[in-house]
Amino acid sequence: MDGGATAVARAHSNIALVKYWGKRDATLNTPAVGSISVTLDALYTDTRVTFAPDLAVDEFWLAGCRSDATRITHVLDLVRGYAASMGLPTAGLNAVVSSTNNFPTGAGLASSASGFAALALAASGAAGLALPARELSILARHGSGSAARSIFGGFAEMHAGTAADGSDAYAEELLDRADWPLAVVVAITEHGEKSINSTIGMNESKASSPFYQAWLDSADGDLAEMRGAIHDRDFTRLGELSEYNCLKLHALMLTTRPALIYWNAATVAAMHAVQGLRAAGVSAYFTIDAGPQVKVLCRPGDAAAVQHAMALVPGVHEARISALGPAAFRLE
Ligand code: PMV
1 MDGGATAVAR
11 AHSNIALVKY
21 WGKRDATLNT
31 PAVGSISVTL
41 DALYTDTRVT
51 FAPDLAVDEF
61 WLAGCRSDAT
71 RITHVLDLVR
81 GYAASMGLPT
91 AGLNAVVSST
101 NNFPTGAGLA
111 SSASGFAALA
121 LAASGAAGLA
131 LPARELSILA
141 RHGSGSAARS
151 IFGGFAEMHA
161 GTAADGSDAY
171 AEELLDRADW
181 PLAVVVAITE
191 HGEKSINSTI
201 GMNESKASSP
211 FYQAWLDSAD
221 GDLAEMRGAI
231 HDRDFTRLGE
241 LSEYNCLKLH
251 ALMLTTRPAL
261 IYWNAATVAA
271 MHAVQGLRAA
281 GVSAYFTIDA
291 GPQVKVLCRP
301 GDAAAVQHAM
311 ALVPGVHEAR
321 ISALGPAAFR
331 LE
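Each residue of the sequence shown is one higher than the one before, starting from 1 at the first, in UniProt numbering.
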């Protein structure tokens, strides 16, 4: 093969302001609800993909360690399908995938979002395909629902879609990051891997929480309100709604059987610290995914004060300031 069989891509993590939780179709990995996120400049994954004739299986290397390639192969199979339809020689080849994250993996910092977005872009590029952003978003979604949003920078919205083949379940950019610069302070309260992965958690919530239907029924209202807040550049509305939607998600998680308790003591202390910042006149709002980390939304001018306050919270190991990030891009 010539050099065309390798590609390297970088994709940034994202944090949802209106969250995705629940699947419409497990096989297609389509979400039961839409979601809206901001892409984070400070957290990213770099992924190199090489299709080669001498590989017996797909190989996945994460931070230099050989790792389980099952979910990677699922996305690579879709790429090979596209390549076959175009008559490309990469259609019949296995691949080596090497990824590095510049942040802790699997601890609720959305490494699957940046990871599968980088994989979608690098794998399609290495295969010789030039897929439009919408197709990349769908490809990334097959690896992880939130990854569909990490194809885009700034503010992105993921559509739940209604099509049986998943063709309308993709993300798109709502607003460029330059049009409304915001900051996110990421308070890291734990470096270990999280205990329950999101797919299992979503299935358990659907099967057992009495709040699941209410979660589905209220999603469109939250999405419409968030779109409005972004359109109007109304930070207070964006922040209040982000906290509300986050706590609604965690109410759903807490009422799942067995309960999904992703918080630790420092997570809760950080939430109180954010309320304390607001009481002191700093406009800051928290949001939390399926893990113990706390992300604090604020205006760029308040980011240093928010970082300082987060770093003082007992149990917070590190507080990183992030601007809003760019769309996924090729690194060569
Ligand atoms: O993309 P997944 O399957 O890891 O699910 C992500 C779920 C949340 O992070 C909790 C919410 C979201 O919209 O990102």
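Cβ atoms here follow ideal geometry from the backbone N, Cα and C, with glycine treated the same way.
**Request:** Verify the contact flag: tyrosine 212, CB atom, against every heavy atom of the ligand PMV, threshold strictly below 6 angstroms.
**Result:** no
**Asked** Any idea which residues DSSP pairs alanine 95 with across the strands?
**Response** Phe51
**Prompt:** Are the segment 245–260 and the segment 282–297 touching by the rule of at least three beta carbon pairs closer than 8 angstroms?
**Reply:** yes
**Prompt:** Is alanine 290 near the ligand PMV, going by C-beta to nearest heavy atom under 6 angstroms?
**Reply:** yes
**Item:** 3 or more residues per run - each beta strand (DSSP E) lying fully within the segment 13–53
**Value:** 23–25 and 35–52
**Message:** At the level of alpha carbons, what is the spacing between methionine 1 and tryptophan 263?
**Reply:** Its pLDDT being 41, under 50, methionine 1 is placed unreliably by the model, and the measurement read from it follows with that caveat. Going by the C-alpha atoms only, they are around 48 angstroms apart.
**Prompt:** Which first and last residues belong to the alpha helix (DSSP H) in which methionine 86 is found?
**Reply:** Per DSSP, methionine 86 belongs to no alpha helix (DSSP H) and is neither H nor E.
**Nearest candidate by alpha-carbon position, reference phenylalanine 103, set Ser322, Ala122, Tyr212 and Glu59** = Ser322
**Asked** Are the segment 61–73 and the segment 178–195 touching, with three or more C-beta to C-beta distances below 8 angstroms?
**Response** no
**Request:** Leaving aside the five residues before and after alanine 229 along the sequence, list all residues of the same chain whose C-beta is less than 7 angstroms from its C-beta, in chain order.
**Result:** Arg237, Leu238 and Leu241
**Beta carbon of threonine 90 nearer than 7 angstroms to that of phenylalanine 51** = yes
**Item:** Backbone CA spacing between alanine 26 and glycine 143 [nearest angstrom]
**Value:** 11 angstroms
**Asked** Thinking just about the alpha-carbon of each residue, which of Arg10, Gly128, Ala117 and Asp217 is nearest to the one in arginine 134?
**Response** Ala117
**Request:** Run the CB neighbour count on glycine 3, radius 10 Å, all protein chains shown included, and call it buried at 16 or more, exposed below.
**Result:** Its pLDDT being 45, under 50, glycine 3 is placed unreliably by the model, and nothing is read from it.
**Asked** If glycine 153 sits next to glycine 325, beta carbons under 8 angstroms apart, how far is it from one beta carbon to the other, in whole angstroms?
**Response** 6 angstroms
**Bridge-paired residues (DSSP) for arginine 257** = BP columns for arginine 257 are empty, so no partner.
**Asked** Could you give the distance in angstroms between the alpha-carbon of valine 8 and the alpha-carbon of leucine 331?
**Response** 5 angstroms
**Asked** Is alanine 148 near the ligand PMV, in the sense that its beta carbon is under 6 angstroms from a heavy atom of that ligand?
**Response** no
**Prompt:** In whole angstroms, what separates the C-alpha of tyrosine 212 from that of glutamate 190?
**Reply:** 28 angstroms
**Request:** Taking only heavy atoms of the ligand MG into account, decide whether any of them is closer than 6 angstroms to the Cβ of lysine 19.
**Result:** Within the structure as shown, the ligand MG is missing, the only ligands being the ligand PMV.
**Prompt:** When the distance is taken between beta carbons, is threonine 199 closer than 7 angstroms to alanine 126?
**Reply:** no
**Request:** Give the secondary structure of asparagine 101 by DSSP, where H, G and I count as helix, E and B as strand, and everything else as coil.
**Result:** strand
**Prompt:** Any idea what DSSP makes of glutamate 243, helix, strand or coil?
**Reply:** helix
**Prompt:** What separation, rounded to the nearest whole angstrom, lies between the Cα atoms of leucine 139 and valine 294?
**Reply:** 28 angstroms
**Prompt:** Counting Cβ pairs closer than 8 angstroms, one from the segment 10–27 and one from the segment 41–50, do we hit at least three?
**Reply:** yes
**Request:** Examine the ligand PMV and report whether any of its heavy atoms sits within less than 6 angstroms of the Cβ of alanine 219.
**Result:** no
**Asked** If threonine 30 and glycine 128 are in contact, beta carbons under 8 angstroms, what's the gap, nearest whole angstrom?
**Response** At roughly 27 angstroms, the Cβ-Cβ gap does not stay under 8 angstroms, so threonine 30 and glycine 128 are not in contact.
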